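Residue numbers (our numbering): 504 to 902.
Structure record follows, encoded as structure tokens.
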């Protein structure tokens, strides 16, 4: 079977949230089908990533874009009825590549992220699966609630316009997927009648595994994530402002590692003798091995947070906000800790940093939970069933 898989970014390497999922989906499908990838290349080095995929047997249509110019172009949507997101990810070169592949014969269209589903509309007869992961429109609603005018107006507008598109898309495809039951309930509340299944994120249990205990540095906190992403920036600025000073009063030797590419100036400004801001790193694993506790203090989050899964798979005791924990199949208090307001965060951090046995128990339980519930091979077996069902639905339409 020939599958055309569309994603916003080249699905390699698996070093950020969306690319972690698209990489594992790509790897799973290429072992079973003829796979064609359609994606965008945001940096010159990503030409090498596309070449890597071609070496793995995937045909790649990868088109370079300039993100800054795209953002300016997308803002023109404010003068139309479109959401800003769609013109940012629309490109005639990719549309032509999709048309060419369909003309040669495609058995299934698959897209990751609703913005890539806009390429489906010319092909109503083909089987189609949309991996939503989560409702992007709801993320914009959260941004609107956390910003003042004019940001609140722009984000609120994007929420409304994108939700309208998501509704149209969900009813035009044969199957939709989201990452958790929490997301499925929200999805069906906003888009009643959609055929929506749960396809969770997984975690690479070989890449993220417990390291040597002797590598741990005392009283060291770890946050991982792309550091120009709004939710990560907001979460870490809030943590540094509201929690870090109180923690330092209780545990003066505490250190903070902020690990992730493209830190914005506000994040770089946090760097100090006790705060390390790394920028891009080849691998986060050494930092998981160094840290005492992982933190995920996100106030705005949708879907499943890979940073939490990776920390737990690494056997690292983890403290998460309710937003970052939402949708994860784990038990607070046994597998990780969940804290909301600053006093709860300080209490949880101080308690863990002063109690080695508690840290070890949480870390071991976290690893077991990841091994039980978040293996990629088991999760992606569900995608095979969805593909068969989508093809059956398309065949029924054709009769």
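Backbone N, C-alpha and C define an ideal beta-carbon position, used for all residues, glycine too.
Treat the numbers as computed from the prediction; the structure is a model and nothing was measured.
Between the CA atoms of residue j and residue i - distance to the nearest angstrom
i: residue 543; j: residue 550; result: 10 angstroms
i: residue 647; j: residue 535; result: 42 angstroms
i: residue 835; j: residue 722; result: 22 angstroms
i: residue 654; j: residue 711; result: 38 angstroms
i: residue 895; j: residue 757; result: 57 angstroms
i: residue 741; j: residue 594; result: 37 angstroms
i: residue 780; j: residue 773; result: 7 angstroms
i: residue 699; j: residue 638; result: 12 angstroms
i: residue 527; j: residue 879; result: 7 angstroms
i: residue 815; j: residue 805; result: 19 angstroms
i: residue 892; j: residue 677; result: 8 angstroms
i: residue 520; j: residue 667; result: 25 angstroms
i: residue 724; j: residue 751; result: 12 angstroms
i: residue 701; j: residue 508; result: 19 angstroms
i: residue 565; j: residue 786; result: 24 angstroms
i: residue 619; j: residue 717; result: 45 angstroms
Proximity winner among the options, relative to residue i (alpha-carbon distances)
i: residue 531; options: 883, 891, 893, 900; result: 883
i: residue 657; options: 874, 569, 579; result: 579
i: residue 479; options: 539, 751, 723; result: With the chain running from 504 to 902 in the structure shown, residue 479 is simply not present.
i: residue 680; options: 854, 635, 811; result: 635
i: residue 708; options: 537, 682, 872; result: 872
i: residue 662; options: 641, 671, 649, 735; result: 641
i: residue 734; options: 776, 713, 715, 824; result: 824
i: residue 696; options: 703, 705, 671; result: 671
i: residue 802; options: 751, 778, 732, 839; result: 732
i: residue 852; options: 533, 524, 821, 508; result: 821
i: residue 569; options: 847, 591, 771; result: 591
i: residue 777; options: 645, 631, 736, 720; result: 720
i: residue 632; options: 885, 818, 727; result: 885
For residue i: DSSP bridge partner residues
i: residue 633; result: 614, 679
i: residue 544; result: 567
i: residue 797; result: 725, 821
i: residue 835; result: 839
i: residue 549; result: None; residue 549 has no bridge partner.
i: residue 699; result: 679
i: residue 775; result: 778
Status (buried if at least 16 other CB within 10 Å, exposed otherwise) for residue i
i: residue 511; result: buried
i: residue 854; result: exposed
i: residue 866; result: buried
i: residue 888; result: exposed
i: residue 862; result: buried
i: residue 705; result: buried
i: residue 859; result: exposed
i: residue 516; result: exposed
Answer yes if the segment 607 to 624 comes into contact with the segment 685 to 703, meaning at least three C-beta pairs across the two stretches below 8 angstroms, and no otherwise. no
Between the segment 828 to 838 and the segment 754 to 768, do three or more beta carbon pairs fall short of 8 angstroms? no
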